[in-house]
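S.K.: Before we start, here is the structure in question, set down as structure tokens.
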Amino acid sequence: MPAKQGPTFQSIMQDLKNKKFAPIYLLMGEESYYIDQISDYIAEYVLSSEERDFNQTICFGSDVTAVQVADMARRYPMMAEHQVIIVKEAQNIRSLEALDKYLKNPIKSTILVWCHKNGKIDARKKTIGLAQAVGIVFESKKLRDYQLPDFIQSYLKEKKVSIDPKSCQIIADHIGADLSRLTSELDKVLISLPADNLRVTPEVVEKEIGVSKDFNAFELRNAIVQKDYFKANQIVKYFDNNPKAGSLFSFLPLLFSYFQNLMIVHYTPRKNTEQDIAAALDLRSAWGAKDFLIGQKNYSARKTMDIISKIREIDGKSKGLDNPNTGAGDLMKELIFFILH
1 MPAKQGPTFQ
11 SIMQDLKNKK
21 FAPIYLLMGE
31 ESYYIDQISD
41 YIAEYVLSSE
51 ERDFNQTICF
61 GSDVTAVQVA
71 DMARRYPMMA
81 EHQVIIVKEA
91 QNIRSLEALD
101 KYLKNPIKST
111 ILVWCHKNGK
121 IDARKKTIGL
131 AQAVGIVFES
141 KKLRDYQLPD
151 FIQSYLKEKK
161 VSIDPKSCQI
171 IADHIGADLS
181 RLTSELDKVL
191 ISLPADNLRV
201 TPEVVEKEIG
211 VSKDFNAFEL
221 RNAIVQKDYF
231 KANQIVKYFD
241 NNPKAGSLFS
251 FLPLLFSYFQ
261 NLMIVHYTPR
271 KNTEQDIAAA
281 LDLRSAWGAK
291 DFLIGQKNYS
301 ARKTMDIISK
311 IREIDGKSKG
321 LDNPNTGAGD
331 LMKELIFFIL
341 H
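Using full-length UniProt numbering, read the sequence shown as starting at 1 and increasing by one per residue.
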């Protein structure tokens, strides 16, 4: 049976902090960051350091079977309220029959954490339904590009650090949706901030993450929105000479997302204010809506459609389709010329 709409990462973490534990945490999905956060918290905070010696087991799916895990889960804790069993890389365990049998009558004092990464457990198996009946089933999904700025802002807010929208977007564009790498880079930035100025600016991003505050995917997108021919070509030339700073592969999704949303705006009945556009595109704030007000003036609906088609064509060529020898740099220049003319 398919997984029901389950608890969120935030609600799971809140319950854990309130010491409300479930007998099973079935964590699965493409995004390893949330799975690691939950399992690491349980490993660190459910038991005291003295209790862990006899009551906490961490194993890997390549080293155990579901039968062995079920046998461990049926044990009772020694001089503690709970025992914790964490199965990492559980996707390597093929047969879940023994786990299903255990979930029909789990031991209340056991907290079993099943970490199934890089995908979901087959919905046709009984495991998901059985786990939902007695505990927590959580699907850890990859964030979409448009969700990254909110993630960055929320992550830093928890650390009592502020960040301006431009810096937020630059980091999101440069690092992408690998949350483990993203949070690692943010932590590096946090360490660098002086205690009396906990604010992330483009200058800080340039210094600590190595993204030019003037030549990056965000500035290229902005130059295209503004139809600033000189600035756009300046950035493309910089990227061509500094492939690590930016490339065709990094900004194609960014441009596609912008023009796809611009097409939606073109056919939205109410599109005259930033608030109208934010509502039409389901933006959490009106900050990014101004780019679509400008885009409507600079790119007609017809031109927008042509640009979307051209981006798809360039994407195909970058992967070798109908393109024997044109390099990424030349494809990048071809695309920008088409968009701006």
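Note that the Cβ used here is the ideal one computed from N, Cα and C, for glycine as well.
(1) What's the C-alpha gap between Leu340 and Tyr258?
(2) For Phe230, report the span of its alpha helix (DSSP H) as first-last.
(3) Counting only the same chain and skipping the five closest in sequence on each side, list residues whose C-beta sits under 7 Å from that of Lys317.
(4) Does any residue of chain E have a CB that is nearer than 9 Å to the CB of Asp100?
(5) Go ahead and pull the three-state DSSP assignment for Met28.
(6) Between the alpha carbons of Ser300 and Val225, how many angstroms are there, rounded?
(7) Please list the terminal residues of the continuous beta strand (DSSP E) segment that includes Ile224.
(8) Flag this pair as touching only if the region 132-143 and the region 46-59 have three or more C-beta atom pairs under 8 Å; answer yes or no.
(9) I need the boundaries of the alpha helix (DSSP H) containing Thr57, first residue and last residue.
(10) So, for Thr201: in the same chain, excluding its five sequence neighbours on each side, which residues have a beta-carbon less than 7 Å away from its beta-carbon?
(11) At which residue ranges does the UniProt domain "DNA polymerase III delta N-terminal" (25-135) contain complete beta strand (DSSP E) runs of 3 or more residues, listed in the order of the chain?
(12) Mark Asn216 as exposed unless 16 or more other C-beta atoms lie within 10 angstroms of its C-beta, in which case mark it buried.
(13) On a Cα-Cα basis, can you pick out the residue from Val205, Asp306, His174, Gly288 that is closest to Lys244?
(14) Mapping DSSP to helix, strand and coil, what is Phe151?
(15) List the DSSP bridge partners of Glu139.
(16) Do the region 259-269 and the region 288-295 touch if we need at least three Cβ pairs shorter than 8 Å?
(17) Ignore the nearest five residues each way along the sequence and tell me which others in Tyr229's own chain have a CB closer than 7 Å to its CB.
(18) Between Pro149 and Lys19, what straight-line distance do the alpha-carbon atoms span, to the nearest angstrom?
(19) So what's Ile265 in DSSP terms, helix, strand or just coil?
(20) Tell whether a beta-carbon distance below 9 Å holds between Ser247 and Phe256.
(21) Look at the Cβ atom of Ile170, then the Cβ atom of Glu185, and state whether they are nearer than 9 Å.
(22) Can you name the residues that DSSP bridges to Val205?
(23) With DSSP collapsed to three states, give me the class of Thr309.
(24) Does the pairing of the region 38-48 with the region 7-24 give three or more beta-carbon distances under 8 Å?
(25) Could you spell out the range, first to last residue, of the alpha helix (DSSP H) harbouring Ser180?
(26) Tell me, please, which residues DSSP counts as bridged to Arg199.
(27) Please report the distance separating the alpha-carbon of Met28 from that of Ile107.
(28) Does the beta-carbon of Gly295 have 16 or more other beta-carbons within 10 angstroms, so that it is buried, or is it exposed?
(29) Give the single residue among Asn222, Asn233, Lys237 whose Cα lies nearest to the Cα of Leu254.
(30) Pull up the distance between the alpha-carbon of Val67 and that of Ser95, whole angstroms please.
(31) Nearest to Lys207 by CA position, among Phe151, Val189, His82, Ala177, is which residue?
(32) Which class does Lys297 belong to by DSSP, given the choice of helix, strand or coil?
(33) Should Thr8 be labelled buried (16 or more other beta-carbon atoms within 10 Å of its own) or exposed?
(34) For the alpha helix (DSSP H) that Ser11 lies in, which residues bound it at each end?
M.R.: According to the structure shown:
(1) Position 340 of the sequence shown, counted from the start, is the residue given in the question as residue 340. Position 258 of the sequence shown, counted from the start, is the residue given in the question as residue 258. Spanning the two alpha carbons is a distance of roughly 15 Å.
(2) By 1-based counting over the sequence shown, the position of residue 230 is 230. It spans 229-241 - the alpha helix (DSSP H) in which Phe230 sits, taken as one unbroken run.
(3) In the sequence shown, residue 317 corresponds to position 317, counting from 1. Counting only Cβ-Cβ distances below 7 Å, and skipping sequence neighbours, we find Asn323, Thr326, Leu331.
(4) Note that chain E does not occur in the displayed structure, where there is just one protein chain.
(5) Against the sequence shown, residue 28 aligns to sequence position 28. Strand, per DSSP.
(6) Residue numbering aside, residue 300 sits at position 300 when the sequence shown is read from its first letter. Residue numbering aside, residue 225 sits at position 225 when the sequence shown is read from its first letter. Roughly 12 Å between the two C-alpha positions.
(7) Along the sequence shown, one-based indexing puts residue 224 at 224. Careful: Ile224 lies outside any beta strand (DSSP E), inside the alpha helix (DSSP H) at 217-226.
(8) They do not touch, by the three-pair rule.
(9) To locate residue 57, count along the sequence shown from 1; it is residue 57. Element bounds for Thr57: not the alpha helix (DSSP H) but the beta strand (DSSP E), 56-60.
(10) For the purposes of this step, residue 201 is taken as the residue at position 201 of the sequence shown. Residues Asp164, Ser167 of the same chain have their beta carbon placed closer than 7 Å to that of Thr201, with the five preceding and five following residues left out of the count.
(11) The UniProt domain "DNA polymerase III delta N-terminal" (25-135) contains these whole beta strand (DSSP E) runs: 56-60, 83-88, 110-117.
(12) As a working mapping, residue 216 is identified with position 216 in the sequence shown. Counting Cβ neighbours within 10 Å, Asn216 comes out buried, since at least 16 surround it.
(13) Looking up residue 244 in the sequence shown gives position 244. Answer by Cα proximity: His174.
(14) On the sequence shown, residue 151 is found 151 positions in, with the first residue counted as 1. DSSP places Phe151 within a helical segment (H, G or I) once states are collapsed to three.
(15) What you label residue 139 is simply residue 139 of the sequence shown in a count that begins at 1. When DSSP reads this structure, Glu139 sits in a beta bridge with Met28.
(16) Judged by Cβ distances under 8 Å, the region 259-269 makes contact with the region 288-295, as three or more pairs qualify.
(17) Taking the first residue of the sequence shown as position 1, residue 229 is located at position 229. Shown here for Tyr229: same chain residues with a beta carbon closer than 7 Å to its own, the five before and five after excluded, namely Leu340 in chain order.
(18) Numbered from its first residue, the sequence shown carries residue 149 at position 149. Numbered from its first residue, the sequence shown carries residue 19 at position 19. Their backbone Cα atoms lie some 31 Å apart in a straight line.
(19) Within the sequence shown, the letter at position 265 stands for residue 265. Checking the sequence, you will find Val at residue 265 rather than Ile. Of the three classes helix, strand and coil, the one that applies to Val265 here is helix, per DSSP.
(20) Translated into positions along the sequence shown, residue 247 becomes position 247. Translated into positions along the sequence shown, residue 256 becomes position 256. In this structure, Ser247 sits away from Phe256, with a CB-CB distance that is not shorter than 9 Å.
(21) Locating residue 170 in the sequence shown gives position 170, where the first residue counts as 1. Locating residue 185 in the sequence shown gives position 185, where the first residue counts as 1. No.
(22) Here the question's residue 205 lines up with position 205 in the sequence shown. Answer is none; Val205 lacks a bridge partner.
(23) The residue labelled residue 309 in the question sits at position 309 within the sequence shown. Contrary to the premise, residue 309 reads as Ser rather than Thr in this sequence. Here Ser309 sits in helix by DSSP.
(24) They touch, by the three-pair rule.
(25) Locating residue 180 in the sequence shown gives position 180, where the first residue counts as 1. For Ser180, the enclosing alpha helix (DSSP H) begins and ends at 179-192.
(26) Your numbering for residue 199 matches position 199 in the sequence shown. DSSP output for Arg199 lists Ser162 as bridge partner(s).
(27) Taking the sequence shown and counting its residues from 1, one reaches residue 28 at position 28. Taking the sequence shown and counting its residues from 1, one reaches residue 107 at position 107. Straight across, the Cα-Cα distance linking Met28 with Ile107 is about 22 Å.
(28) As a first step, residue 295 is located in the sequence shown; it is residue number 295 there, counting from the start. Note on Gly295: 16 or more other CB atoms within 10 angstroms of its CB, so buried under the neighbour-count rule.
(29) The residue you call residue 254 lines up with position 254 of the sequence shown. When C-alpha distances from Leu254 are compared across Asn222, Asn233, Lys237, the shortest belongs to Asn222.
(30) By 1-based counting over the sequence shown, the position of residue 67 is 67. By 1-based counting over the sequence shown, the position of residue 95 is 95. Computed Cα separation, rounded: 9 Å.
(31) By 1-based counting over the sequence shown, the position of residue 207 is 207. It is Val189 whose Cα lies nearest to the Cα of Lys207.
(32) As a working mapping, residue 297 is identified with position 297 in the sequence shown. Shown here, Lys297 sits in a helix according to DSSP, grouped into three states.
(33) The count along the sequence shown starts at 1 and reaches residue 8 at position 8. The residue is exposed, with fewer than 16 neighbouring Cβ atoms inside 10 Å.
(34) Here residue 11 corresponds to residue number 11 of the sequence shown, with the count starting at 1. 9-17 is the span of the alpha helix (DSSP H), which, as asked, contains Ser11.
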